[in-house]
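A.B. asks: Quick one: the structure is below, and I'll ask about it shortly.
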């Protein structure tokens with residue numbers, strides 16, 4: 001998680017387009033250089049990028065980011081807000097602290113996706129170049145290809161409809177110092193989906209794995225509780 005970058009959003013760099021307390025609505029077209037290179041930043045407001053637009057980095061502190069169909073963008077960063085992505089969008093990466101990431105079919109991500117307190121839900125045919133990370137959020141993928149790892153601490157992971165994970169699935173250890181007690185997270189993998197790497201458990205997890213061959217990939221790194 002690029003926490004230093006997210007903290008800098010609040011400073012509102014003079015080199016970016018920054019508007020406070022409103023909605024930034026971008027409606028560009030392919031070939032329009034104004035919408036191919038502009039950085040978009042908001043402190044108190046939502047950002048909406050219309051279909052077929054091309055933008056650079058998009059960031060907000062207190063607001064949502066909506067990327068509509070067939071948009072090309074670089075980094076999408078939010079602190080307190082959701083990120084919603086339309087069909088067949090292409091982005092470099094997306095991250096939010098207190099918010100979810102949801103995408104319709106055909107998403108292409110060059111790098112990865114991350115949240116702290118929010119879910120990640122991707123519809124069919126998503127292509128993720130690197131890792132998917134959450135701390136307290138669920139991850140749900142349909143017919144996706146993940147080039148890196150999938151990692152969480154307290155969230156559920158649900159892989160369906162021929163989803164392929166090239167790296168590992170990792171459940172990090174829960175924070176014992178905080179005395180966190182709650183339901184165990186669940187790892188669900190249907191028979192059509194596969195994990196090329198390992199399934200690494202640093203905490204207890206409920207396993208709903210339909211393919212018996214994947215059970216041999218499980219590594220437990222915690223004491224029985």
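Residue numbers (UniProt numbering): 1 to 225.
From the three backbone atoms N, C-alpha and C, an ideal C-beta is built for every residue, glycine too.
Nothing here was measured: the structure is a model prediction, and the numbers come from that model.
Between residue 106 and the rest of its own chain, which residues show a CB-CB distance below 7 Å, the 5 nearest in sequence each way excluded?
C.D. replies: Position 106 of the chain shown, counted from the first residue, corresponds to residue 106. Excluding sequence neighbours, residue 106 sits near 87, 88 and 125.
A.B. asks: Residue 145 and residue 164 look like a contact to me (Cβ under 8 Å); what is the Cβ gap, rounded to whole Å?
C.D. replies: Residue 145 sits at position 145 when you count from the first residue of the chain shown. Residue 164 sits at position 164 when you count from the first residue of the chain shown. Their Cβ separation, rounded to whole angstroms, is 5 Å, which keeps residue 145 and residue 164 in contact under 8 Å.
A.B. asks: Quick one: measure Cβ to Cβ for residue 128 and residue 151, integer angstroms, because I've assumed they're closer than 8 Å.
C.D. replies: For this step, residue 128 is matched to residue 128 along the chain shown. For this step, residue 151 is matched to residue 151 along the chain shown. That belief does not hold up - the Cβ atoms of residue 128 and residue 151 are roughly 13 Å apart, past 8 Å.
A.B. asks: Can you name, in chain order, every residue of its own chain whose Cβ lies under 6 Å from the Cβ of residue 99, other than the five neighbours on each side?
C.D. replies: Your numbering for residue 99 matches position 99 in the chain shown. Closer than 6 Å at the Cβ level, and outside the excluded window around residue 99, lie 78, 81, 82 and 118.
A.B. asks: My guess is that residue 196 and residue 172 are in contact by the Cβ rule of under 8 Å, so how many angstroms apart are they, rounded?
C.D. replies: Against the chain shown, residue 196 aligns to sequence position 196. Against the chain shown, residue 172 aligns to sequence position 172. Incorrect: roughly 20 Å between the Cβ atoms, too far for contact.
A.B. asks: Since residue 51 sits in a beta bridge, which residues does DSSP pair it with?
C.D. replies: Numbered from its first residue, the chain shown carries residue 51 at position 51. Answer is none; residue 51 lacks a bridge partner.
A.B. asks: Please tell me whether residue 46 and residue 27 are closer than 9 Å, where the distance is taken between their beta carbons.
C.D. replies: If you number the chain shown from 1, residue 46 lands on position 46. If you number the chain shown from 1, residue 27 lands on position 27. No. Outside cutoff.
A.B. asks: What are the boundary residues of the beta strand (DSSP E) that residue 85 is part of?
C.D. replies: As a first step, residue 85 is located in the chain shown; it is residue number 85 there, counting from the start. It spans 83–85 - the beta strand (DSSP E) in which residue 85 sits, taken as one unbroken run.
A.B. asks: What does the alpha-carbon distance come out to for the pair residue 211 and residue 110?
C.D. replies: Locating residue 211 in the chain shown gives position 211, where the first residue counts as 1. Locating residue 110 in the chain shown gives position 110, where the first residue counts as 1. Distance between the alpha carbons of residue 211 and residue 110: 29 Å.
A.B. asks: Buried or exposed for residue 29, going by 16 or more other Cβ atoms inside 10 Å?
C.D. replies: Position 29 of the chain shown holds residue 29. For residue 29, the predicted structure reports a pLDDT of 49, less than 50, and the residue's modelled location is therefore unreliable. A value from the coordinates is still provided. Exposed is the call here.
A.B. asks: By Cβ distance, which residues of its chain are closer than 6 Å to residue 135, with the 5 residues on each side in sequence left out?
C.D. replies: The sequence position of residue 135 within the chain shown is 135, counting from 1. Cβ within range, chain order: 116 and 153.
A.B. asks: Does residue 3 pass the burial test, meaning 16 or more other C-beta atoms within 10 Å, or should it be called exposed?
C.D. replies: Taking the chain shown and counting its residues from 1, the one referred to as residue 3 is at position 3. Legend: pLDDT at residue 3 = 48, less than 50; position of this residue unreliable, value from coordinates given subsequently. Residue 3 should be labelled exposed.
A.B. asks: Once DSSP output is grouped into helix, strand and coil, what is the label at residue 217?
C.D. replies: As a position in the chain shown, residue 217 is number 217, starting the count at 1. Residue 217 sits in a helix when the DSSP states are folded into three classes.
A.B. asks: Please list, in chain order, all residues of the same chain as residue 66 whose beta carbon is under 6 Å from its beta carbon, the five residues on each side excluded.
C.D. replies: Residue 66 sits at position 66 when you count from the first residue of the chain shown. Only 48 and 84 meet the Cβ criterion.
A.B. asks: First and last residue of the beta strand (DSSP E) that includes residue 114?
C.D. replies: Walking along the chain shown from the start, residue 114 turns up at place 114. 113–115 is the span of the beta strand (DSSP E), which, as asked, contains residue 114.
A.B. asks: Taking residue 201 and residue 219 to be in contact with their CB atoms under 8 Å, please state how far apart those CB atoms are, rounded to whole angstroms.
C.D. replies: Within the chain shown, numbered from 1, the residue matching residue 201 stands at position 201. Within the chain shown, numbered from 1, the residue matching residue 219 stands at position 219. With 8 Å as the limit, residue 201 and residue 219 qualify as a contact, their Cβ atoms being about 7 Å apart.
A.B. asks: What's the C-alpha gap between residue 209 and residue 38?
C.D. replies: The residue you call residue 209 lines up with position 209 of the chain shown. The residue you call residue 38 lines up with position 38 of the chain shown. Their backbone Cα atoms lie some 45 Å apart in a straight line.
A.B. asks: Going by Cα to Cα distance, which pick from 188, 76, 42 and 186 is closest to residue 54?
C.D. replies: The sequence position of residue 54 within the chain shown is 54, counting from 1. The residue from 188, 76, 42 and 186 with its alpha-carbon nearest to that of residue 54 is 76.
A.B. asks: Residues bridged to residue 65 by DSSP?
C.D. replies: Within the chain shown, the letter at position 65 stands for residue 65. DSSP, once it has assigned bridges, lists 47 and 83 as partnering residue 65.
A.B. asks: On the DSSP bridge list, what partners appear for residue 58?
C.D. replies: Locating residue 58 in the chain shown gives position 58, where the first residue counts as 1. Paired residue(s): 40 and 76.
A.B. asks: List the endpoints of the continuous beta strand (DSSP E) containing residue 25.
C.D. replies: Your numbering for residue 25 matches position 25 in the chain shown. Taken as a continuous stretch (DSSP letters only), the beta strand (DSSP E) holding residue 25 covers 24–26.
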